[in-house]
Structures are given as C-alpha cells and as structure tokens.
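Undergrad: Going by this note's numbering, the first residue of the sequence shown is number 406, and it counts up by one from there. We treat Cβ as the ideally placed atom computed from N, Cα and C, and that holds for glycine.
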Amino acid sequence: MADAPTETSARDYRDTVFLPETPFPMRGGLPQKEPLILEQWGDLYGALRAERQKQNAPLYVLHDGPPYANGDIHIGHALNKTLKDFVVRSRFLLGYDVDYVPGWDCHGLPIEWKIEEQFRAKGRRKDEVSKDEFRRACRDYAGKYIDLQRDQFKRLGVTGDFANRYATMDFKSEAAIVAEFHKFKNSGQLYRGSKPVMWSPVERTALADAEIEYHDHVSPTIWVKFPVTAMSDDHPDDLLAFRSSTPSIVIWTTTPWTIPANRAISYGPEIAYGLYEVTAMEEGLEFAPWAKPGDRLILADKLAEDVFKAAKIAAWTRVYDINPSGLETAHPLAALDSGYGFSVPLLAGDHVTDDAGTGFVHTAPGHGADDFEVWKAHGHHEVPDTVDPDGAYYDHVPLFAGLKVLETEGKKTGKFGPANGAVMEKLIEAGNLLARGRLEHSYPHSWRSKAPIIFRNTPQWFIRMDEPLKSGDTLRETALQAIDDTAFHPASGKNRIRSMVEGRPDWLVSRQRAWGTPLAMYMDKQTGQPLHDAEVDARIVAAIAEHGADIWFTAPDSDFLGAHDPARYEKIEDILDVWFDSGSTHAFTLDPRLPENGYAGDRPAHWPADLYLEGSDQHRGWFQSSLLEGCGTRGRAPYKAILTHGFTLDENGEKQSKSKGNTTDPLVVIKESGADILRLWVALVDYSEDQRIGKQILQTTVDAYRKLRNTVRYLLGALAGFDEAERLTDYDQFPPLEKFILHRLHELDAHVRRAYAEYRFQDVVRPVLEFCSNDLSALYFDIRKDALYCDRPDSIRRRAARTVMDEVFARLTAWLAPLTPFTMEEAWTTRSPDAGTNCARVIPETPAEWSNPAEAERWSAINTVLEVVNESLEAARREKLIGGALDAWPTVTGPASAFAPFEGLDAAEIFRTSGAELVESGESITVAVNPADHPKCARSWRRVPDVGSDPAYPDLSARDADAVRYWDQTHA
C-alpha cells in the first residue's frame, strides 16, 4: 500500500491502519547521543565482569600492547583500539568474562626529546639539568598524555579496566621490569660485550633492530687502493718485483669515513681473482683520472670490468690468477701519518661475494657486524675505537680528529658531516683513491629522529640468544618452539616473526639515555661481571617499587650493597631498551592477578594471555620482545595467539602525513559523524591488510550505517506494542516466508559466532548488512508490509511476522553490539528501557528447528522469478501503464519447474500486486503486466474482487472489512 490515500471515501481509514511507530529517529545524531550513552554506561567494564563472574563464565584475557604516551590519538590508534574493543565486546557477547587492562608505554626518546626542547626553551641545556629533575619532567609529560589519550579512547567506545590501567613508568611497573631484568642477569643470559652496534649520533644511543626503519639515502662511494707489501711463498716471484709497479688490492665502500678504522681486507675463498695491468685510459675526460697506464690492480674477475669503467680505464691486460690468501697490504693512508703504519692482512670471509664492488671487503671491525666477526674469527681481539658517541672522530685518530660523520645539531641534523670529504681528500693526497661516485640505496635510519645511523663499536649489555638455558635449549630455540605453538591471525605472521628470530643477533638491551628503567645492577670492577646477590637485588626492587626508578640515580650505593664494598663495584646507569619494558608488561599486568599467585579480587587474569593484538610491524617489536622475555624467564611466550593488522593509508593508497595534508583525524570524524561511523569503517575493512580512509570512503561507511539504522528503526516501529501474548510459539504455524527468515537467522547465527571467535569482524558486518538489504528490506519487509499494516492484530500471519521481527531485532542488536555499540544500545533501550544495557547480553540461542535448507532453496528459486516480475513492473511504471504495483495483475508464463516453489503461496502477495496468474508454458519466464480491473480497497488500495463484499464496509475488501470491524469493536 502507499503512504497516503489517492482517492476520497466515505470514511477515513487511516486510524485503522497499524503503521510503524517509534521514537527512534531516522538521523543518528551520534556526536550528541554517544556522550550521553557513555555517561549512562558508567563503569560498564566493571559491571560486565561482575555479571559474567556471577555466571561462572570462562575467562578470556586480551593483553594490551601499550601505545606511547605522547600526543593526541591518530587513526592508527583508533584502528588498533577499536579492533581490541571488538575482541573485548564480542567475547562478552559470546559469554566470556573478559580481562582487558589498557596500558601505556612511557619511557624512551620521544618524550626525552620533548623535555630537552622545553629546557632549551628556558635557556638550560640537558647537561645543566639534574637527572632527577629531568626524569620528573618526563614523568609529568607522560602522565598528562595518558589522561588525554584515555579520555579519547573512551570516547571511541573502548571498554576496559581504565580505572586500573597500567603504565611502564608506574613505580610497581618499573620494579617489576627490573625484577625481570634480574632474572636474565642471574641466569647467566646477560653479558657485556664490545661490538659494533647500530648507533644514532643524533640521539647518542645504541638502537635495536625494532628501532630501525629503512629509507632511500644517497651515499658517496669510493674505490680505494691498498698497496700490497708482503706475500707468502706460494705467490709468483714477480708479484712484488722491483721492475713493476706495486700491485694494489682494490676495495669499494659507501662509508669513506670508516677507512681510518680499517684493519683488514676480507676476500671470498670461492671467488676467482686476477692481477690486472692498466694499458690505456679513456681520452677526452674533463678531469685527470687517478689511475694511469702501468698500474697493477687485484680484483675479482667478475667485477673487474665494472671497476675499470668507474676508474675511466680504457684498456687492460689480465696478467695471471691471484690467490689473496697470504697477502698483506699497507693502509692507504700510511704515507701521510705513521699512525696508519700497521700491516693490513687478508682474511677469508664467507660474507664476501662478487655480486657488486670489487670482490674484496674493506674491514673495519669497529663499524660492521660482519667485519667484527671475521676479525675475531681470525684471532684478533683489539677493536679500535675511532668514533665517539656524537659521531665524531676521537682525538687520537690521525688526520681526522674531531671531524663529524653526521651533523647532530641545527638545520643540517642527520646530514653528512665533513668526515667523508676529508677522508677522500687524504686518499687523493696519498695517491690511493682509484675512483668515486654516488649511490642511492636503502639505508637504516632511527625511527624516532629519522636520521641515518652508523655502526659503532661500544661496550653494551646483551642477552644471549644461543647459550643453553636450564631446559637445555637456547633462547633462540625456545622462542622458535614458542612461535610454532602460537596461533597467528593471519597465518602469514608466523613465518614473518620466525624468520626474524632465526636470524636475529643477541638482544642489545642497554641504552645511553636518561628517561627509562635502569639496568639496576652492579658490576664488579675487577672481573667485569654483574653482582649476583639476591639480597642486593631485593633491596633494589623494593626501593624502586616504593620510590620509582629515580631512586637508583639518587640513593647512595650503600643503600643497596649492604655489606659489599661500594668501591669495588660500578653502578650501571644505562637504561633498558624500551622494548624490554613493554616486553615485560605481562609480568606486572597479568602475574599479580593470577589466582595461583594468591589473587582473590574481582579482576582475575590468567597467564599466558589468550591474545596479543597489534600492527604488523610489531613482529619485530612488541611481539618479539614479549616472546623473548617470556621464553627467557618462563620458558614460553606470554600469549597463545597473535593478531596483526595493517596500516591505514589515505584514499589513494599513500602513507598519511601531516606535511601532505592527507591525514584523517579520528577525533574530527567522531566530532562530525560519531564514533560508530569510525567503528563501522574498521569493521568493514580487511584489517589484516593495509586499509584506506578518507572523505569518500567514510561517506560510503555512512551509507552503510544508514542501512543498518533504518533496518533497526523499521523493526522498532513494526514491533510497537508487541508482547509475549502475541508471540507465535508453534513453528508449524509459521508461513513459509517466516520459516525462510528464521532459517537465515539460524544460518547467520552460526556464521556470526564463528566469525567473532576467529576475529573476522568483516565477516560479521558484511553478511549482516547483506541480510538487512536483501532478505529484510528488499524481500521480507516489502512483502509483509501489507499484512503488518492491514491484517487484524490477532491474525496468524501478522503474529508470525511480528514474532519473526522480534527474533530479528533481538539478534541484530546483539550481533552488532560489539561493532556499533552506541547505536545498538540506543535501539535496545528505546524498546526495553528497563532491561539493562544491551552490552551485557549474550547472543540468543537459536532453535535447531529453524534450520530449513529446503525453505532457503524454495525462496532462492522464487527470487529468480521475482526479479523478472519486478523488472516488468518497473518498465510498466515507467511507461505509465500502471501507477504502482497494486494497480497490476500480471500474468507470468514459464516452465512448471519455475512455479513449483510457489505451491501453497499467494503469488500476488510475493509480487506485491493486487493479483497474479502463473501460466505453465515455454522454457523461459515472461511477464505480461495487465491492469487490475477490480475496485480499489479504500484502506489497503488493493484492487481485488471482494471489495464491497461486506455491506457494512462497502469500500473495503473482505480482509480489510474484518480488520476494521475488529478495530471498531476494540476502540468503541
């Protein structure tokens, strides 16, 4: 029927039509409503836990990966925290008691930099501020942003134990981190080593793999000659003959500044090398090349031609094969300063290839991991220190004292300093630069400062990856087994983290900064070993638990050392890698609340956690540090499963950047459209891959939201006044259409439960959206509109329809509660204001008898016919043959098989026409749209033969006359 009469009649029947009625508005108004709902919820998380514990529900633990406490939340935060909230709310929905304690990572360089800036603005340099004052400022700064981000997460709809949130800077947290560190110290896994580590001169600290990102970088390249000075007896006698020029081994490097640190040349035992003599140079050059005819060069045969091209050498002769073993060379700067007057040996190394360069590797053991290992492997122990923490040459480095490798201050921060240029000039002066150029390549940068890093030899503290533990397995072996025992979502994450752990070096855990948890221990000055004393450790941990880690830097050593002589021990004031901090969060967030540890409160946890959920970059960050920390102290990972999400790009698939102006601010989206819109976007995307967001994409999300809201609104209106007395309970009484919708509910119920259990949120919302659009709006609501509006209230058909709509409403508001909690709460409380929060519900049980594949098959076949009929009706409307579907009485012709599903059904009801005829004939379905030539019912506007059959209501059909009589009797 239409919305308003087109013909006048003796009586206005509008009051007798049961039109949907609800205060639930069409427009969401989410920015205004959501804060009110949050206020109504109050301590929702506490209430939900209490309710589930009363029910003896099984416990599920999601351990929060801590965001960094600086700045407003960004779209990455919003995605991450919304996904976590989907997990929390969906597990409550599935009947679990859920433990989720939000946390914050507080230590580290970003905050330290901000505080340095604040002090500089006041005219104070960092070295003019006491460590105690500096750390206090850092703590205040982090605390401010914890409060800010907490409120922003709550506004997003995130539910969790915010009242008992954790932070890595809390005193008890810092004490627990130190206690975990002591476990590594006391088990023998910790050692101090002097080896090249990734070092940031800008930040003046060592960096771990997880703190590195790679960017394109242009480096100078040089080909350098190392004159051969000695050889073993198995080389040709004329190699160093007086009549020939001295041969030189040629190396290639992209780090000219490391030449002063050179101590050896590495070669590949399997590579073919040759002695080459230059016979001619290229002509017509704008500059004089550094090579000349008669020069003799030793190169890998495969790369010789490339080297000659770089050096502008036009012609050459290969003299004979050369085995580099047994050769020695002079340092290329030896002629300029006696400080370089040492011999440079040739060392065999498996890391050398002939893929690029010269086939020889310049080896500076203080500035490269491979260099260090090959140097040590050949029995050398002294590693030169050439570059200081600021990235400048030490004063003892001949020719280059004080020159910087990288600029660390001012506008040129992160750019090359004068070191590279100075080294090249001295090589030219010494006559040992063969060629130079420039190379754009991928180079490691600090993820915080975005500045290039260097490899620098420095004493640091490491955790051994390959030393057997008490179990007999190494930390690496234990971690790899733990990875195999972990479930990954998506599954590809397993190989990613496994390959990283397989190849990673020992865990570098020390940093040379101020704001962090200290390596709170003492080292014996005589032995260089950490002090192992349980009483000392206990005093340290107790003091930090009471006063915070600052006490380590201010209290006298005697407070901790007891009977030990302070003069014998060095207090270690390095701070721990922040990944060790966050990798230990399970120890102070879950452990204290384990019933087996004596906890008897109302917020129990269990260990290991059921799930860790973070971005895919955390395979080398939090997932891995937690893995190593758990395996090193407890023999397994602190999680049973890992879920990873991708990164959020703009609408064009580009990385979001404030400088590009292509960012999407979640706080703006919430203010303008509401948190449920942002949450629905998260639900709709495939979070396992990189996702896109922007105005157009959000508009698509708003459109999807409208469909959901309008579906719920229609149900609320259609169910006005529905009560248990009206409910139909005998399944056999339901018409076929209702049985089909109940089957779809049964089908979707199993699908939604499975999708939530497997964290496939997209597979919840998309099928539910399709159900709302296709099965409900386009089919069920449209067909049942006439019965709902015009049947008498006690008719079986209307009661069946309203009963099914009640079941649909109950499930939609439950299924979607984790994804769009504000809207579903509004819908639920609109209908049942005294029934408590929608968030506390579990998915209603769905009777097995609702499963009816035969009915589903029937309605699939009916839809095939219905699509043809609808197209024909629409065409007739366009051609003005009919005004609406109720003006039509179509004749549908087709094979008997197409009409078999219509047996026992009213085809006109399905087609939404006043009548219909099905004629079995032919192979295909055709439709003749005939006008319905019967009188028009003044109430339902159907044109049917029985209009006027009841004398009391001459302008109504028999069905409508009966309904109006019922209405008149009940409203007399």
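So the alpha helix (DSSP H) K1112 belongs to, where does it begin and stop?
TA: Position 707 of the sequence shown, counted from the first residue, corresponds to residue 1112. The continuous alpha helix (DSSP H) containing K1112 extends over residues 1100-1123.
Undergrad: Tell me which residues share the same chain as S1030 and place their Cβ nearer than 6 Å to its Cβ, disregarding the 5 neighbours each side in the sequence.
TA: Here residue 1030 corresponds to residue number 625 of the sequence shown, with the count starting at 1. Counting only Cβ-Cβ distances below 6 Å, and skipping sequence neighbours, we find W984, G988.
Undergrad: Just to confirm, is the Cβ distance from A709 to Y681 under 7 Å?
TA: Here residue 709 corresponds to residue number 304 of the sequence shown, with the count starting at 1. Here residue 681 corresponds to residue number 276 of the sequence shown, with the count starting at 1. Contact: yes.
Undergrad: Please return the same chain residues whose Cβ sits closer than 7 Å to the Cβ of Q1138, not counting the five positions on each side in sequence.
TA: As a working note, residue 1138 is residue 733 in the sequence shown. If we look at Q1138 and ignore the five residues flanking it on each side, its Cβ neighbours are I1201, A1205.
Undergrad: Going by CA-CA distance only, name the one from I980, Y1164, V1324, L936 that's closest to K590.
TA: Translated into the one-based positions of the sequence shown, residue 590 becomes position 185. Answer by Cα proximity: L936.
Undergrad: Buried or exposed: E845, going by 16 or more other Cβ atoms within 10 Å of its Cβ?
TA: Your numbering for residue 845 matches position 440 in the sequence shown. Of the other Cβ atoms in all chains shown, fewer than 16 fall within 10 Å of the Cβ of E845; this residue is therefore exposed.
Undergrad: Below 7 Å between beta carbons: does that hold for L751 and I670?
TA: What you label residue 751 is simply residue 346 of the sequence shown in a count that begins at 1. What you label residue 670 is simply residue 265 of the sequence shown in a count that begins at 1. Contact flag set, yes.
Undergrad: Apart from the five residues on each side of it in sequence, which residues of its chain come closer than 8 Å, Cβ to Cβ, to E1059?
TA: Translated into the one-based positions of the sequence shown, residue 1059 becomes position 654. Within the same chain, E1059 has close Cβ partners K1065, N1067.
Undergrad: Let's test the definition: count the other Cβ atoms within 10 Å of the Cβ of T722 and tell me whether it reaches 16, buried, or not, exposed.
TA: Within the sequence shown, residue 722 is the residue found at index 317, counting from 1. Exposure of T722 is indicated by the presence of fewer than 16 other C-beta atoms within 10 angstroms of its C-beta.
Undergrad: Using a Cβ-Cβ cutoff of less than 7 Å, which residues in the same chain neighbour K486 once the five nearest sequence positions on both sides are dropped?
TA: Numbered from its first residue, the sequence shown carries residue 486 at position 81. Result list for K486: F558, L561, V563, in chain order.
Undergrad: How many Å lie between E1260 and G1241 at the Cα?
TA: Counting from 1 along the sequence shown, the entry for residue 1260 is found at position 855. Counting from 1 along the sequence shown, the entry for residue 1241 is found at position 836. CA-CA distance, E1260 to G1241, rounds to 36 Å.
Undergrad: Give the straight-line distance between the Cα atoms of A1422 and Q865, rounded to the nearest whole angstrom.
TA: Any answer about residue 1422 is impossible in this case: the structure gives the chain only from 406 up to 1377.
Undergrad: Could you name the residues that DSSP lists as bridge partners for T1235?
TA: For this step, residue 1235 is matched to residue 830 along the sequence shown. Paired residue(s): none; T1235 is not in a bridge.
Undergrad: Thinking C-beta only, is L514 closer than 7 Å to E608?
TA: Here residue 608 corresponds to residue number 203 of the sequence shown, with the count starting at 1. Here residue 514 corresponds to residue number 109 of the sequence shown, with the count starting at 1. Going by C-beta atoms, E608 is nearer than 7 Å to L514.
Undergrad: Identify the continuous alpha helix (DSSP H) that holds G784 and give its terminal residues.
TA: As a first step, residue 784 is located in the sequence shown; it is residue number 379 there, counting from the start. From DSSP, G784 is part of no alpha helix (DSSP H); its letter is neither H nor E.
Undergrad: Please report the residue range of the alpha helix (DSSP H) in which V506 lies.
TA: To locate residue 506, count along the sequence shown from 1; it is residue 101. V506 -> no alpha helix (DSSP H), and no H or E assigned at all.
Undergrad: Mind checking K1144: buried by the 16 CB within 10 Å criterion, or exposed?
TA: Translated into the one-based positions of the sequence shown, residue 1144 becomes position 739. K1144 comes out buried.
Undergrad: For K531, does the count of other Cβ atoms within 10 angstroms reach 16, so buried, or fall short, so exposed?
TA: Looking up residue 531 in the sequence shown gives position 126. With fewer than 16 Cβ atoms within 10 Å of its Cβ, K531 is classed as exposed.
Undergrad: Relative to the ligand ATP, is the shortest distance from any of its heavy atoms to the C-beta of H756 smaller than 6 Å?
TA: In terms of ligand content, the structure shown is empty, and the ligand ATP therefore cannot be addressed.
Undergrad: V466 lies in the beta strand (DSSP E); which residues open and close that run?
TA: By 1-based counting over the sequence shown, the position of residue 466 is 61. Note, V466: beta strand (DSSP E), 464-468.
Undergrad: Just curious, the alpha helix (DSSP H) that L443 is in, first and last residue?
TA: For this step, residue 443 is matched to residue 38 along the sequence shown. Looking at the DSSP string, the run of the alpha helix (DSSP H) that includes L443 is 435-446.
Undergrad: Could I get the ranges of all uninterrupted beta strand (DSSP E) runs contained in the region 571-614, with 3 residues as the minimum, in chain order?
TA: Taking only runs of at least 3 residues, the beta strand (DSSP E) segments lying wholly in the region 571-614 are 595-605, 610-612.
Undergrad: Are V749 and T734 close, meaning C-beta to C-beta below 7 Å?
TA: For the purposes of this step, residue 749 is taken as residue 344 along the sequence shown, with counting starting at 1. For the purposes of this step, residue 734 is taken as residue 329 along the sequence shown, with counting starting at 1. Yes.
Undergrad: Would the region 1094-1110 count as touching the region 1045-1054 if we require 3 or more Cβ pairs under 8 Å?
TA: yes
Undergrad: Can you give me the Cβ contacts of L885 inside the same chain, cut-off strictly under 8 Å, excluding the 5 residues immediately before and after it?
TA: Mapped onto the sequence shown, residue 885 falls at position 480. So the list reads R903, V906, E907, once near-sequence residues are dropped.
Undergrad: Taking 6 Å as the limit between beta carbons, can you name the residues of its chain near F1316, skipping five residues before and five after?
TA: Residue 1316 sits at position 911 when you count from the first residue of the sequence shown. Once the five neighbours on either side are set aside, the close Cβ partners of F1316 are V1274.
Undergrad: Who are the near neighbours of F1176 in its chain, counting only those whose CB is closer than 7 Å to its CB and skipping five residues on each side?
TA: Against the sequence shown, residue 1176 aligns to sequence position 771. For F1176, where only same-chain residues beyond five positions count, the Cβ hits under 7 Å are R1149, L1153.
Undergrad: Count the other C-beta atoms from every protein chain shown that fall within 10 angstroms of the C-beta of N461, then say buried if there are 16 or more, exposed otherwise.
TA: The residue labelled residue 461 in the question sits at position 56 within the sequence shown. Under this definition N461 is an exposed residue.
Undergrad: For D621, which beta-bridge partners are listed by DSSP?
TA: Counting from 1 along the sequence shown, the entry for residue 621 is found at position 216. In the DSSP assignment, the residues bridged to D621 are S847.
Undergrad: List the whole-angstrom C-beta distance separating Q554 from A483, where the pair is believed to meet the contact cut-off of C-beta under 8 Å.
TA: Against the sequence shown, residue 554 aligns to sequence position 149. Against the sequence shown, residue 483 aligns to sequence position 78. Not confirmed; about 11 Å, so no contact.
Undergrad: Starting from D726, trace the beta strand (DSSP E) in both directions and tell me its first and last residue.
TA: Against the sequence shown, residue 726 aligns to sequence position 321. Following the DSSP letters along the chain, one finds D726 inside the beta strand (DSSP E) bounded by residues 718-727.
Undergrad: In chain order, what residues of the same chain have a beta carbon less than 7 Å from the beta carbon of T1375, not counting five sequence neighbours either side?
TA: One-based indexing of the sequence shown puts residue 1375 at position 970. Here T1375 has no same chain residue with a Cβ atom under 7 Å from its own Cβ, once five neighbours each way along the sequence are excluded.
Undergrad: What is the DSSP secondary structure of Q554, reduced to helix, strand or coil?
TA: In the sequence shown, counting from the first residue as 1, residue 554 sits at position 149. In this structure, Q554 counts as helix in the three-state DSSP scheme.
Undergrad: Could you give the distance in angstroms between the alpha-carbon of A407 and the alpha-carbon of R419?
TA: In the sequence shown, the residue the question calls residue 407 occupies position 2. In the sequence shown, the residue the question calls residue 419 occupies position 14. Bear in mind that the predicted position of A407 carries a pLDDT of just 40, short of 50, making it unreliable; the figure below should be weighed with that in mind. Between A407 and R419, the C-alpha separation is close to 11 Å.
Undergrad: With contact counted as at least three CB pairs below 8 Å, one residue from each stretch, are the region 415-432 and the region 1214-1224 in contact?
TA: As far as the Cβ criterion goes, the region 415-432 does not touch the region 1214-1224, which means the pair count is below three.
Undergrad: Please report how far the alpha carbon of R1347 lies from the alpha carbon of T1318, in whole angstroms.
TA: Here residue 1347 is taken as the residue at index 942 of the sequence shown, counted from 1. Here residue 1318 is taken as the residue at index 913 of the sequence shown, counted from 1. C-alpha separation (whole angstroms): 8 Å.
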